[in-house]
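Chains F and L are the protein sequences, given in the same order. Oh and the first sequence: position 34 is 33 in numbering that gives the first Met the number 0, straight run, nothing missing. Oh and the second sequence: position 24 is 23 in numbering that gives the first Met the number 0, straight run, nothing missing. Glycine included, each C-beta is placed from N, C-alpha and C at the ideal position. Everything on this sheet refers to the single structure shown next.
Number of protein chains: 2
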Amino acid sequence: MQDRLTTLFKAVADPTRREIFHALVIASSALSITQISNQFEMTRQGVTKHIKTLEDAGLVHLDTKGRERFCNANAKPLKELSKWMTFYEQFWDNSLDNLDHFLNTSKDA
Amino acid sequence: MQDRLTTLFKAVADPTRREIFHALVIASSALSITQISNQFEMTRQGVTKHIKTLEDAGLVHLDTKGRERFCNANAKPLKELSKWMTFYEQFWDNSLDNLDHFLNTSKDA
DNA sequence: TACTTTAGCAACCATAAAGTTGCATATTAA
DNA sequence: TTAATATGCAACTTTATGGTTGCTAAAGTA
Numbered sequence: 000m001q002d003r004l005t006t007l008f009k010a011v012a013d014p015t016r017r018e019i020f021h022a023l024v025i026a027s028s029a030l031s032i033t034q035i036s037n038q039f040e041m042t043r044q045g046v047t048k049h050i051k052t053l054e055d056a057g058l059v060h061l062d063t064k065g066r067e068r069f070c071n072a073n074a075k076p077l078k079e080l081s082k083w084m085t086f087y088e089q090f091w092d093n094s095l096d097n098l099d100h101f102l103n104t105s106k107d108a
Numbered sequence: 000m001q002d003r004l005t006t007l008f009k010a011v012a013d014p015t016r017r018e019i020f021h022a023l024v025i026a027s028s029a030l031s032i033t034q035i036s037n038q039f040e041m042t043r044q045g046v047t048k049h050i051k052t053l054e055d056a057g058l059v060h061l062d063t064k065g066r067e068r069f070c071n072a073n074a075k076p077l078k079e080l081s082k083w084m085t086f087y088e089q090f091w092d093n094s095l096d097n098l099d100h101f102l103n104t105s106k107d108a
């Protein structure tokens, strides 16, 4: 369907999803779908969809206990985004001389 | 309309846009819209739209010369994404102990 | 057993997004 | 001045996306 990087970037491109993810990261314990829903002005089903997207991206892990599903954040996949950006870091501060730097640092690699 | 982080993440969440951006970053000189279009199996208008999105995110700078518009990549805005991720780095390798680390590093801030 | 809570699933809606075609316009070349 | 090139703009199509409502089922509780 779509590559991992795209899945990850899209998951995080939605502001609501970033909020949910953040809430889970700083939560003192795993939160159920309903608990998360209560923190947002949105239906439970809406939250469920976002959780699914985050889960697909590997940013959330679900743990079913009885009738509840507890969500845990997993920040690890963000490493992949960070890694993608690494290449462009060399161009951050010399946007006008992209070529030179690129050639100098990669031609003999 | 939407916050900067969202604009940025969305710009970069599209694989075609990442390709265009990459092509511009490693290009030896600014490329015109037509020149970029020739590198992609897409109409010129399609590319124009992507360029517009990248421009809105600040990742591309346009420079009109005569009837042509030359595009330059600007990687600087990626810093903002990187900055966003910084907070979550502390959770990369201890996804199960999010709370503890968070409390230890931010409670007295 | 009856009631309540947690959640999934499906259908639906509105809007955004990716990409297209067609046409008008400005600039450059012949 | 005529032709060719580079582009923008607008309209349109298709498919995703964010969100909703309504219903069903499973798991606890009284």
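- For the options L:11, L:42, L:2, the alpha carbon positioned closest to that of residue 6 of chain F is the one of L:11.
- If you check each beta-carbon in the region 11–31 of chain L against every beta-carbon of chain F, the ones closer than 8 angstroms belong to 11, 12, 13, 14, 17, 24, 25, 26, 27, 28.
- Bounds of any beta strand (DSSP E) do not take in residue 2 of chain F, whose DSSP letter is neither H nor E.
- Residue L:61 holds the alpha-carbon nearest to the alpha-carbon of residue 28 of chain L among L:91, L:13, L:17, L:61.
- Secondary structure at residue 75 of chain F: coil, using DSSP grouped into helix, strand and coil.
- Within the region 32–47 of chain L, not one residue has a Cβ closer than 7 angstroms to any Cβ of chain F.
- Chain-ordered, the chain L residues with CB closer than 9 angstroms to the CB of residue 90 of chain F read 24, 72, 73, 74, 75, 77.
- Within chain F, no C-beta atom comes less than 8 angstroms from the C-beta of residue 51 of chain L; the nearest is roughly 17 angstroms away.
- Nearest in C-alpha terms to residue 0 of chain F, of all of L:14, L:40, L:45, is L:14.
- Under the three-state reduction of DSSP output, residue 17 of chain F falls in the helix class.
- With distances taken between CA atoms, residue 76 of chain L lies nearest to F:89 out of F:72, F:68, F:78, F:89.
- Residue 87 of chain F sits close to residue 24 of chain L, with the two beta carbons spaced by under 8 angstroms.
- DSSP, reduced to helix, strand and coil, places residue 61 of chain F within a strand of the structure shown.
- In this structure, the straight-line span from the alpha carbon of residue 63 of chain F to that of residue 51 of chain F is close to 14 angstroms.
- At least one C-beta of chain L is nearer than 8 angstroms to the C-beta of residue 9 of chain F.
- In this structure, residue 22 of chain F and residue 38 of chain F form a Cβ contact; the two beta carbons are roughly 6 angstroms apart against a cut-off of 8 angstroms.
- Where residue 54 of chain L is concerned, the enclosing alpha helix (DSSP H) starts and stops at 43–55.
- When F:84, F:36, F:17 are compared, the shortest CA-CA separation from residue 53 of chain F is found for F:17.
- Residue 82 of chain L counts as exposed, since fewer than 16 other C-beta atoms from the protein chains shown sit within 10 angstroms of its C-beta.
- Residue 20 of chain F has its alpha-carbon roughly 15 angstroms from the corresponding atom of residue 4 of chain L.
- Taking a C-beta distance under 8 angstroms as the contact criterion, residue 57 of chain F and residue 73 of chain F qualify as a contact pair.
- Going by DSSP, residue 36 of chain F is part of the alpha helix (DSSP H) stretching over 32–38.
- Take the alpha-carbon of residue 84 of chain L and the one of residue 85 of chain F: they are about 13 angstroms apart.
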